[in-house]
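J.: After the structure tokens below, expect a handful of questions from me.
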DNA sequence: CGTGACTGCCC
DNA sequence: ATTCTGC
DNA sequence: GCAGAATGGGCAGTCACG
């Protein structure tokens, strides 16, 4: 594809006033210039360059119209030292601001830009590491916001703080900020595939407005203000806050402001690399603190420790503060699993057959459990009786499930004073004693639900216990955890039922169990070891999952026609990113939209398909294309080819038109998790899967006709 | 007060 | 969620 | 095999606007 291009707006002069808005109290606990026995190499006195942010002592800001643009050149030259191997890097070599002064946002933006250009994760991690060390050295109080911005968040997920700024809002703001129409901005966006690049190319702040240089804390605090804004006129206010940032930004700052707002950093650097860099930065910064004896490679070890700490306590406020006060080597002690704070859930890896499970977990005692189709939940019950429920991504869901709160409180056994339960919450019809589809669960109200007003009942299916009566069980084997699990709760039909499980290493028996799970409206099975390697490993993909649609020969497959496409974003800029697909209704001779798809393509496939279909453009949808007005693709195609798509489910859709009237009077059918399997050059569009067949497939889904799913042996 | 666009979060 | 890709 | 970044349907909640 293409190399990265930069597109930098001309520099503007920035004046130097540090509007210091202190973030929050957490900084108080930060250790000051970390234990640096080595006197800093005279950080500022020697700085040979007059830099934009360095008004030195004179608070009487002179309208220094002097060489501000050359200054940025100098800054960039200097900052390229970040590329040095950490062992050769001098933590005071790149900062152009004084010790104790707020870290300029430009520093982070330029670092992002450098990271983006690197290829290897090691090289990227090194830059990150050097950035963190620089901040630790000059302004440790800024480390927390720097880490948050690096990780593309503004708060731990369970705090529910969201900016509520999306593409549409950014488009609107950009249009206003540079006096263009929204339509204009949208076009530009479609071309570049990245609103950050649009912002950067827009030469914002045309007027030579005297504005203060952005600092990390300014940006971070403004993000928080944006997040907290709500109610009438809140959109306008958010809009203005964003504009104020954009107008104060220079160089590549607009690019990263926008990307941060949209949570799309796109520099190939995310959580795991950051954690690794954090660990390494700590090792270099804590120069006097020797690693514990017996450690061969402190850097790797520190990385492990930080990742481990984060996986059981995913909260940077706590991790950073613990790291700065007690050092990285104590992190395993200072950042423990904490009841009330969610742990990252253990995950599973996809497999495609029972035999694959038996192979991978050879020589270990196996347990299979039904894979229920609901929401993952981690339920924390504390000594004082308070309960919190967290989602798979650590969002606090307690307010959505007051009935679950009641159920676990009621069904825990007497000897249980506190626990953390890992489970699946599933929509459930108690009268018919039947699991209901995910789509039913998703209609449940989410905020401040009252037990008396619940529309969708749920049943909890526990499968693991991470904590019991003040004791962490993470390090115990599954066998032990299960023993505790079963000993700690009573079952109550329709409220709490242990996940259906089978302990077996017998392929035939397991195959039967798999079929049974599907009959019971489940998605398939999860495989785990009971003894060997069976501790609970947060965020690790050490379980296996087998779903019917993963299996090569089984699962629903459809032959569909691409009739439109959407421009790609990010690394897909310049090609289509996804395609609008249709089935064929033989009776009406219509192509009816059924879903989009944008995954399953090799890069090459995507380029070729894009090139091929671009020759087939039509200005308007044909009369025989049945689609909703709502989501029109960027371009329409003549129906010309057939693609095979695999799905996990068919669903009734509010928008898509496939088989409309056949299973629902005015709604069509769509696809859950559609992905391209292969092209079908052997088929003509009219040979695509028919609406009739799609209705059949929908009706064949077990949970749509549960009465017919008689037990079979 | 109803509707539709937008956003975040489930999968 | 699924899938692909570079390291 | 890891980590990151592309991409899917669809729901409730929020806000702007008529």
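Numbering (the UniProt record's numbering), first residue to last: 1 to 713.
Cβ coordinates follow ideal geometry from the N, Cα and C atoms, glycine included.
A quick note: this is a predicted structure, and the numbers were derived from the prediction, not measured.
For residue 469, which of 419, 374, 515, 662 has the nearest alpha-carbon?
T.: The shortest C-alpha separation from residue 469 is found at 419.
J.: For residue 412, which residues does DSSP report across the bridge?
T.: Partner(s): 489.
J.: Starting from residue 196 and walking both ways along the alpha helix (DSSP H), at which residues does that stretch end?
T.: That run of the alpha helix (DSSP H) goes 195-201.
J.: Give the straight-line distance between the Cα atoms of residue 82 and residue 101, rounded to the nearest whole angstrom.
T.: The straight-line gap from Cα to Cα measures roughly 19 Å.
J.: If you run the structure through DSSP and keep just helix, strand and coil, what is residue 188?
T.: Three-state result, residue 188: helix.
J.: Reducing DSSP to helix, strand and coil, say where residue 61 ends up.
T.: The predicted position of residue 61 is uncertain, since its pLDDT is 40 and thus under 50; no value can be drawn from it.
J.: Check whether the region 408-427 touches the region 451-465, taking contact to mean three or more Cβ pairs, one atom from each stretch, closer than 8 Å.
T.: Because the criterion of three Cβ pairs below 8 Å is met, the region 408-427 and the region 451-465 touch.
J.: Would residue 544 and residue 351 be called neighbours here (beta carbons separated by less than 7 Å)?
T.: In contact: residue 544 and residue 351 (Cβ atoms closer than 7 Å).
J.: Would you kindly check if the distance between the Cβ of residue 199 and the Cβ of residue 254 is under 7 Å?
T.: Against a cut-off of 7 Å, the Cβ pair of residue 199 and residue 254 comes out as a contact.
J.: Given a cut-off of 7 Å, decide if residue 624 and residue 791 are closer than it, judged by their beta-carbon atoms.
T.: Lying outside 1 to 713, the shown extent of the chain, residue 791 is not represented and no answer is given.
J.: Considering only C-alpha positions, which residue in the set 654, 621, 672 is nearest to residue 666?
T.: Nearest option by C-alpha distance: 654.
J.: What are the partner residues of residue 556, as DSSP defines its beta bridges?
T.: According to DSSP, which records beta bridges pairwise, residue 556 is partnered with 647.
J.: State yes or no: is the C-beta of residue 532 within less than 7 Å of the C-beta of residue 357?
T.: No, Cβ-Cβ distance for residue 532 and residue 357 is not below 7 Å.
J.: In whole angstroms, what is the alpha-carbon distance linking residue 347 and residue 265?
T.: Roughly 24 Å between the two C-alpha positions.
J.: May I ask which residues mark the beginning and end of the alpha helix (DSSP H) holding residue 637?
T.: From DSSP, residue 637 is part of no alpha helix (DSSP H) but of the beta strand (DSSP E) over 635-637.
J.: What do you reckon, is the C-beta of residue 358 under 6 Å from a heavy atom of the ligand MN?
T.: Because no ligand of any kind appears in the structure shown, any question about the ligand MN cannot be addressed here.
J.: Please list, in chain order, all residues of the same chain as residue 680 whose beta carbon is under 7 Å from its beta carbon, the five residues on each side excluded.
T.: Correct list, in chain order: 559, 642, 643, 644.
J.: What does the Cβ neighbour count give for residue 383, buried or exposed, with the cut at 16 atoms within 10 Å?
T.: Residue 383 comes out exposed.
J.: Since residue 108 contacts residue 165 with CB under 8 Å, what's their CB separation in whole angstroms?
T.: Residue 108 to residue 165, Cβ: 19 Å. No contact.
J.: Classify residue 579 as helix, strand or coil using the three-state DSSP reduction.
T.: In this structure, residue 579 counts as strand in the three-state DSSP scheme.
J.: At which residue ranges does the UniProt domain "ATP-dependent DNA ligase family profile" (451-585) contain complete alpha helix (DSSP H) runs of 4 or more residues, listed in the order of the chain?
T.: DSSP runs (the alpha helix (DSSP H)) wholly in the UniProt domain "ATP-dependent DNA ligase family profile" (451-585): 478-488, 507-519.
J.: To the nearest angstrom, how far is it from the Cα of residue 366 to the Cα of residue 195?
T.: Distance between the alpha carbons of residue 366 and residue 195: 49 Å.
J.: Among all the DSSP beta bridges, which residues are the ones paired with residue 349?
T.: Bridge partners of residue 349: 544.
J.: Quick check for students: name the residue ranges of the alpha helix (DSSP H) that lie wholly in the region 252-288, counting only runs of 4 or more.
T.: Here the runs fully enclosed are 253-261, 271-285.
J.: Run through the region 355-420 for me and flag every whole alpha helix (DSSP H) of 4 or more residues, listed as ranges in chain order.
T.: Fully enclosed alpha helix (DSSP H) runs of 4 or longer: 402-411.
J.: Between which two residues does the alpha helix (DSSP H) carrying residue 683 extend?
T.: Here residue 683 belongs to no alpha helix (DSSP H), and DSSP marks it neither H nor E.
J.: Along the chain, where does the alpha helix (DSSP H) containing residue 89 start, and where does it finish?
T.: Looking at the DSSP string, residue 89 is not in any alpha helix (DSSP H), and its letter there is neither H nor E.
J.: With burial defined as no fewer than 16 other Cβ atoms inside 10 Å of the residue's Cβ, what is the status of residue 409: buried or exposed?
T.: Exposed, because fewer than 16 other Cβ atoms sit within 10 Å of the Cβ of residue 409.
J.: In the DSSP assignment, find the alpha helix (DSSP H) that holds residue 320 and state where it starts and stops.
T.: Residues 316-326.
J.: With DSSP run on the structure shown, which of helix, strand or coil describes residue 591?
T.: Strand, per DSSP.
J.: Would you report the Cα separation of residue 734 and residue 118, rounded to the nearest angstrom?
T.: The question about residue 734 has no answer, for the chain in this structure spans 1 to 713.
J.: So what's residue 22 in DSSP terms, helix, strand or just coil?
T.: Confidence at residue 22 is low in this model, with a pLDDT of 36, below 50, so the placement of that residue is unreliable and no value is reported for it.
J.: Could you check how far apart the C-beta atoms of residue 226 and residue 242 are, in whole angstroms? I think they sit under 8 Å.
T.: Yes, they are in contact, since the Cβ atoms of residue 226 and residue 242 sit about 7 Å apart, within 8 Å.
J.: Whose C-beta lies closer than 8 Å to the C-beta of residue 209 among residues of the same chain, with five residues either side of it excluded?
T.: Reliability of the predicted coordinates at residue 209 is poor, the pLDDT of 49 falling under 50, and no value is obtained from them.
J.: Do the region 179-189 and the region 143-157 make contact, defined as three or more Cβ pairs closer than 8 Å?
T.: No, the region 179-189 does not touch the region 143-157.
J.: Skipping 5 residues on each side, what residues in its chain have a beta carbon closer than 8 Å to that of residue 387?
T.: Correct list, in chain order: 379, 380, 381, 398, 405, 408, 409.
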